[in-house]
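Please read the structure below before turning to the comments.
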Amino acid sequence: VEDGFLIERSFEDESNYSQIAATGPDAETYTDQVPEAGGYYYRIRAYNATDTSAYSEPAYVLTQPSGINSISLSANETLRIYPNPLSDDQLLHIQQTDTYNGTFTLSLLDAYGRSLFTAKGQKTTPLLEEELQLPKLPRGTYLLLLQYEGKTVARSLLVVQ
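When you read off a place in the sequence shown, starting at 1, and then add 5, the result is the number in the numbering used here.
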């Protein structure tokens, strides 16, 4: 008879598990507050006063990035992507205007928050214009992120065939 369960978590791989919780014997669920978006492996084992069971098979959970639920641009900032929807063989055009000059990063995320494409560049004028040939993408909805000067601006991109 178990006294409870030990729950362990590892970030991004199965090599560095840490115990994150111990539950009572009747626990059927556990909700984890993960520190950051990404992939987590979990395993559990039962314990009592004298012994512990073998570990369960690992379970993998992919958490979504948070904090990009809504984007509000000031009057002097715009981000435009076109065509949208995009066919898989078209170039994606990106235009962004504001007063910032410096380094920027463009990232394309899938519905699971995985980064599929990243490009870095230097903005030297108020108007940023980029043309991107994205990798072949399956039909679906993606999130394009433009990051610069501590800001993240996002646009939804629909890929059709």
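Glycine is no exception: its CB is placed at the ideal position from the N, C-alpha and C atoms.
Query: Is it buried or exposed for K128, if we count other Cβ within 10 angstroms and need 16 for buried?; Result: buried
Query: Please work out which residues of its chain come closer than 8 Å, Cβ to Cβ, to S92, disregarding the five sequence neighbours upstream and downstream, and give them in chain order.; Result: V164, V165 and Q166
Query: Does any residue of chain B bring its CB to less than 9 Å from the CB of L111?; Result: Absent here is chain B; the protein component of the structure consists of one chain.
Query: Give the straight-line distance between the Cα atoms of H98 and L137, rounded to the nearest whole angstrom.; Result: 7 Å
Query: Where does D37 land, buried or exposed, given buried means 16+ other C-beta within 10 angstroms?; Result: exposed
Query: Check whether the stretch 83-91 and the stretch 152-162 touch, using three or more Cβ-Cβ pairs below 8 Å as the test.; Result: yes
Query: Beta-carbon separation of F16 and A27 under 9 Å?; Result: no
Query: Mark Q101 as exposed unless 16 or more other C-beta atoms lie within 10 angstroms of its C-beta, in which case mark it buried.; Result: buried
Query: Starting from the N-terminal side, write out each stretch of the beta strand (DSSP E) that is 3 residues or longer and does not extend beyond the stretch 9-93.; Result: 9-16, 23-28, 43-52, 64-68 and 83-87
Query: To the nearest angstrom, how far is the alpha carbon of T146 from that of D103?; Result: 26 Å
Query: If I'm right that L121 touches L113 with Cβ under 8 Å, what's the distance once you round it to whole angstroms?; Result: 5 Å
Query: Which partner residues of A159 appear in the DSSP bridge assignment?; Result: L150
Query: Taking Cβ positions, are E13 and I25 nearer each other than 9 Å?; Result: yes
Query: If I measure Cβ to Cβ from E135 and keep anything under 6 Å in the same chain, skipping five residues before and after, which residues do I get?; Result: I99
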